[in-house]
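In the working numbering, the protein residues as written are 1315 to 1577. Ideal placement from N, C-alpha and C gives every residue a C-beta, glycine not left out.
Right, dumping it as structure tokens:
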């Protein structure tokens, strides 16, 4: 897929967002949703990000795509809030977005369109941290986002050789534990040790940790036994259409698969 075709698709309204829940497994509550981009291509059908994002990673159109996703996610959260559903949403961005000199200004403009939304309703998840070329500039950009009430998370944490370096340098609020470790948690002692180590480290740094790849109730129990109560994955729910979100929240919180643990 060429960058120009993606620009055409944006102009034609061919992109949409699906929303995958993030939950507190111990408390049985929904803490937010990750907005996942989809391309409803007129010829190739519904395309996942892997089918088009890698080809534009070095092109400025990736910034336009992120800008659209932020605006659309905020619009949808506002719709939910007006309908009585209070939740938050996270949007994936790349280091390239954070390095744009006008990124914070564009972010502020998006937020200004929805004055009724509370601070913290939007979170940004940074992908591909190995692509960061100017750490000091990214630190400043994350700081500007935080000043706007938009926290930043490190996505797919633990997969890049430089993850620990960036964890030390970047003022992020949370980590998304990579699903490759979580999926192997039940059979692989090494994965279990890695997950436990990351959780201890994150707690020591005062960072919230969310586990991706929660594929079953058993995975959730294993994570909670290690001290991780926040999770996301197909064992909780597949990405949902926007209209399905309110009913799903009600059904999940009425009967969470792990019950409710009262501290």
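To the nearest angstrom, report how far apart residue i and residue j are at their CA atoms.
i: residue 1487; j: residue 1467; result: 6 Å
i: residue 1367; j: residue 1440; result: 14 Å
i: residue 1577; j: residue 1459; result: Residue placement at residue 1577 is flagged as unreliable, the pLDDT there being 47, under the threshold of 50; the coordinate-derived value follows with that caveat. In a straight line, the C-alpha of residue 1577 is about 34 Å away from that of residue 1459.
i: residue 1501; j: residue 1533; result: 10 Å
i: residue 1499; j: residue 1567; result: 26 Å
i: residue 1530; j: residue 1489; result: 21 Å
i: residue 1509; j: residue 1528; result: 13 Å
i: residue 1432; j: residue 1480; result: 29 Å
Does DSSP classify residue i as helix, strand or coil?
i: residue 1299; result: Nothing can be reported for residue 1299: it is not among the residues displayed for the chain, which extend from 1315 to 1577.
i: residue 1367; result: coil
i: residue 1354; result: strand
i: residue 1341; result: coil
i: residue 1490; result: strand
i: residue 1458; result: helix
i: residue 1321; result: helix
i: residue 1578; result: There is no way to answer for residue 1578, as the model of the chain reaches only from 1315 to 1577.
Taking residue i as part of the alpha helix (DSSP H), name the residues at either end of that continuous run.
i: residue 1472; result: Looking at the DSSP string, residue 1472 is not in any alpha helix (DSSP H), and its letter there is neither H nor E.
i: residue 1537; result: 1531-1539
i: residue 1494; result: 1493-1497
Should residue i go down as buried or exposed, given a rule of 16 or more other Cβ atoms within 10 Å for buried?
i: residue 1557; result: exposed
i: residue 1526; result: buried
i: residue 1552; result: exposed
i: residue 1503; result: exposed
i: residue 1403; result: buried
i: residue 1410; result: buried
i: residue 1340; result: buried
Which residue comes first and which comes last in the beta strand (DSSP E) that contains residue i?
i: residue 1334; result: 1329-1338
i: residue 1439; result: 1436-1440
i: residue 1359; result: 1359-1361
Kindly give me the distance between the Cβ atoms of residue i and residue j, rounded to whole angstroms, as I take these residues to be in contact under 8 Å.
i: residue 1328; j: residue 1355; result: 6 Å
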